[in-house]
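Chains A and B, in that order, are what the protein sequence lines are. Position in the first sequence (from 1) plus 780 gives the number in our numbering. Position in the second sequence (from 1) plus 780 gives the number in our numbering.
Number of protein chains: 2
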Amino acid sequence: MSAPHDHVSTAVSQNLSFEALMALLEQIFLRHGTSADVARTLAFNCAGAERDGAHSHGVFRIPGYVSTLQSGWVNGQAVPVVEDVASGFVRVDAANGFAQPALAAARSLLVEKARSAGIAVLAIRNSHHFAALWPDVEPFADEGLVALSVVNSMTCVVPHGADRPLFGTNPIAFAAPRANGDPIVFDLATSAIAHGDVQIAARKGERLPAGMGVDSLGQPTQDPKAILEGGALLPFGGHKGSALSMMVELLAAALTGGNFSFEFDWSNHPGAKTPWTGQLLIVIDPSKSAGQSFAERSQELVRQMHGVGLKRLPGDRRHRQRAKAKVEGIALDPQTLADLRELAGLL
Amino acid sequence: MSAPHDHVSTAVSQNLSFEALMALLEQIFLRHGTSADVARTLAFNCAGAERDGAHSHGVFRIPGYVSTLQSGWVNGQAVPVVEDVASGFVRVDAANGFAQPALAAARSLLVEKARSAGIAVLAIRNSHHFAALWPDVEPFADEGLVALSVVNSMTCVVPHGADRPLFGTNPIAFAAPRANGDPIVFDLATSAIAHGDVQIAARKGERLPAGMGVDSLGQPTQDPKAILEGGALLPFGGHKGSALSMMVELLAAALTGGNFSFEFDWSNHPGAKTPWTGQLLIVIDPSKSAGQSFAERSQELVRQMHGVGLKRLPGDRRHRQRAKAKVEGIALDPQTLADLRELAGLL
């Protein structure tokens, strides 16, 4: 499958409805051995990212999902085991399956606990997360809840002050409801740059800005190929981003019972791409807070942010793309669409 | 009071025990109108920061506390009102007093809830926080709990992509227990540099590194005076640090019922220095997690961090200073000590 988004296609792109893209992706997952539940959950997630313009986590990911399933590294039929541990604590053993079905299986219990206790935590372990993190938190904000999630990944980031990689790109995602508007949502890797963006720069033959990564000798480099061939990424924001990345390892792995980013060995599974780690979600019910409604207050913050000259809020671009896709459909270039149809067994 | 730490004193410094320094600070607070409880809590906090080498939040802060109390901006006699809202949610109205006595008043209920529910949240509002944030979270790790706290402050940081300041320096602090070692603790401002460090650079006539702040016209500057005289700070790490700072406003103010960093007006209280906002703490009981003990796992992460060449962990320097002070006492230069004794009415 060719890279769908880093070149201007000369052919006219084709527009699919969200439902049509989701059905196509669902068929790809089913054809590569997942259960119907897993296929539906992953197709919804991946089609949603593509629809929202988050291309690095849209159909771009499908070949990685397919090669991972083919390698036997992940169990596409896994049935998550949900454990009700305490009045604010839910645990899920994802059973070497994907993290999104594990979240889906525990979600109603988590929301019930958050509304009752005021806050609840979901600790997912033995799970594979190969998607954007914002789709995991945004739906809670749609229900009036505040959500925070962290997931660790695979060794590719050098801790600040160290000389070899240890941490994953370890993203943090947050979502909060807002009156008269889309929720406030962000999803940020604690690495200085996303791995996918390094790959795209390498293919284009472009140099990276300073401070993104090191070569195989641990020396700073702006050459994306040197980062990919034995080099590593740096954390964003120096020692501060590094501390946050460390926190993600502690919350997503140590606290869940999952693997640290450096603990799994997929060398016997060529084609495996999905980190086998853990994920933590914290959900808070802001109706328990004092004073005015939380959503009114977050709307006031947004108003003030615009007042000091901010044009675009985190999440704005995705919400705009989503609205556009609802009218126009989701544009895919012909080659990408043909590749997807082939993976689905339709050609 | 002269700046105690940004010059080499020619006089020999004097060493006080922690208890002696705490008693001296307690007397200063009492003499400026606080209750005995508040005096003890703030003296313990401030002497602890000085002992641990966190000079920007040690006795350096005392003149600011004193002028704030004298201005009538904060109520040094405030009695916090603790509300038990839900099985995982505690609220405190700090009653226009300091945040640390509010935390102290709610602490045992918070720990009890975290141990029972697995997670609990403390929402403090109507509070003044003028200290380091790590002293608020580290004691939870000493009890085997994981703690996260955020506090918003006062408008001095320009959101990424905006042209005027809105956010506070909005720190995030985290603490986690560790087997066979001091807890893992960090406390990071979401601004690129702390306000105190800008003041120190201005006094020394030094220039700042690029990317720390802007002048009164919103233009990038490396002149600390230009930042202090109508300019502002930038967030750390560009749009990512800015998103985290926004999250701190939402959690510490909107979720608690406290003021945003831009909402209070102290113009009628000359000498007031303490932001009147809110604070959020989340405490998790890691004994609810699956698999090995959390403290063993965090120790393994530390071992691996040292293995990739990391010399110093977040918090290490403070713990080393603390051990040193236990033996040698806390060194204060004679002028600083004389100033403190004068504020305490002892000269």
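Note that beta-carbon positions come from the ideal geometry of N, C-alpha and C, so glycine has one too.
Residue-level contact by beta carbon fails for residue 1101(B) and chain A, as no gap is shorter than 8 Å. Around the CB of residue 901(A), 16 or more other CB atoms lie within 10 Å, so the residue is classed as buried.
In this structure, DSSP gives residue 908(B) an extended state, which the three-state scheme calls strand. Of all alpha-carbon atoms in 1050(B), 1054(B), 939(B), 1113(B), the one lying nearest the alpha-carbon of residue 856(B) is that of 1054(B). Burial of residue 1022(B) is indicated by the presence of at least 16 other C-beta atoms within 10 angstroms of its C-beta.
Rounded to the nearest angstrom, the Cβ distance from residue 1110(B) to residue 798(B) is 7 Å, consistent with a contact under 8 Å.
In this structure residue 869(A) is in contact with residue 1068(B), their Cβ atoms being roughly 5 Å apart against a cut-off of 8 Å.
Within chain A, the residues whose beta carbon sits less than 7 Å from that of residue 956(B) are 1030, listed in sequence order. Per DSSP, the continuous beta strand (DSSP E) segment holding residue 1057(B) begins and ends at 1056-1064.
If you look at residue 868(A), you'll find it isn't in any beta strand (DSSP E); DSSP assigns it neither H nor E. Using beta-carbon distances, residue 794(B) does not count as an interface residue toward chain A, since no partner is under 8 Å. Secondary structure at residue 1087(B): helix, using DSSP grouped into helix, strand and coil.
Put simply, the CB of residue 915(B) is far from chain A, with every gap to its CB atoms at 8 Å or more.
Residue ranges of uninterrupted beta strand (DSSP E) with 3 or more members, entirely inside the stretch 910-994 of chain A and ordered along the chain, are 926-931, 952-956, 964-968. Contact between the stretch 1039-1058 of chain B and the stretch 1032-1044 of chain A is absent: fewer than 3 CB-CB pairs across the two stretches fall below 8 Å. Using a CB distance cut-off of 8 Å, residue 1035(B) counts as an interface residue toward chain A. Residue 904(A) has a beta carbon lying at 8 Å or more from every beta carbon in chain B. Judged by DSSP secondary structure, residue 794(B) falls within the beta strand (DSSP E) whose first and last residues are 794-796.
Within 7 Å of the CB of residue 1068(B), the CB atoms of chain A belong to 865, 866, 869, in sequence order along the chain. Taking the Cα positions, residue 980(A) is about 40 Å away from residue 1064(B). In this structure, residue 933(B) sits near residue 948(B), with a CB-CB distance shorter than 8 Å.
Under the three-state reduction of DSSP, residue 877(B) is assigned to strand. As a beta-bridge residue in DSSP terms, residue 862(B) pairs with 872(B). Residue contact check for residue 887(B) against chain A: no CB pair falls below 8 Å. Interface with chain B (8 Å Cβ-Cβ cutoff): residue 1074(A) is included. A Cβ of chain A is located within less than 8 Å of the beta carbon of residue 1016(B). Against chain B, the CB of residue 953(A) has no partner CB under 8 Å away; the residue lies outside that interface. Annotation for residue 1112(A): the continuous beta strand (DSSP E) segment containing it runs 1110-1112. Contact annotation: residue 1078(A) and residue 964(A) have beta-carbon atoms nearer than 8 Å.
Segment contact: the stretch 1086-1094 of chain B against the stretch 941-958 of chain A, three or more CB-CB distances shorter than 8 Å; contact assigned. Between residue 866(A) and residue 1116(B), the alpha-carbon positions lie close to 51 Å from each other.
In the three-state DSSP reduction, residue 854(A) falls in the coil class, being neither helix nor strand. The Cβ atoms of residue 953(A) and residue 1013(A) lie no closer than 8 Å to each other. At a beta-carbon threshold of 9 Å, none of the residues of chain B lie near residue 1052(A); the nearest stands roughly 22 Å away. Chain-ordered, the chain B residues with CB closer than 8 Å to the CB of residue 1092(A) read 941. In this structure, the straight-line span from the alpha carbon of residue 1124(B) to that of residue 1035(B) is close to 38 Å.
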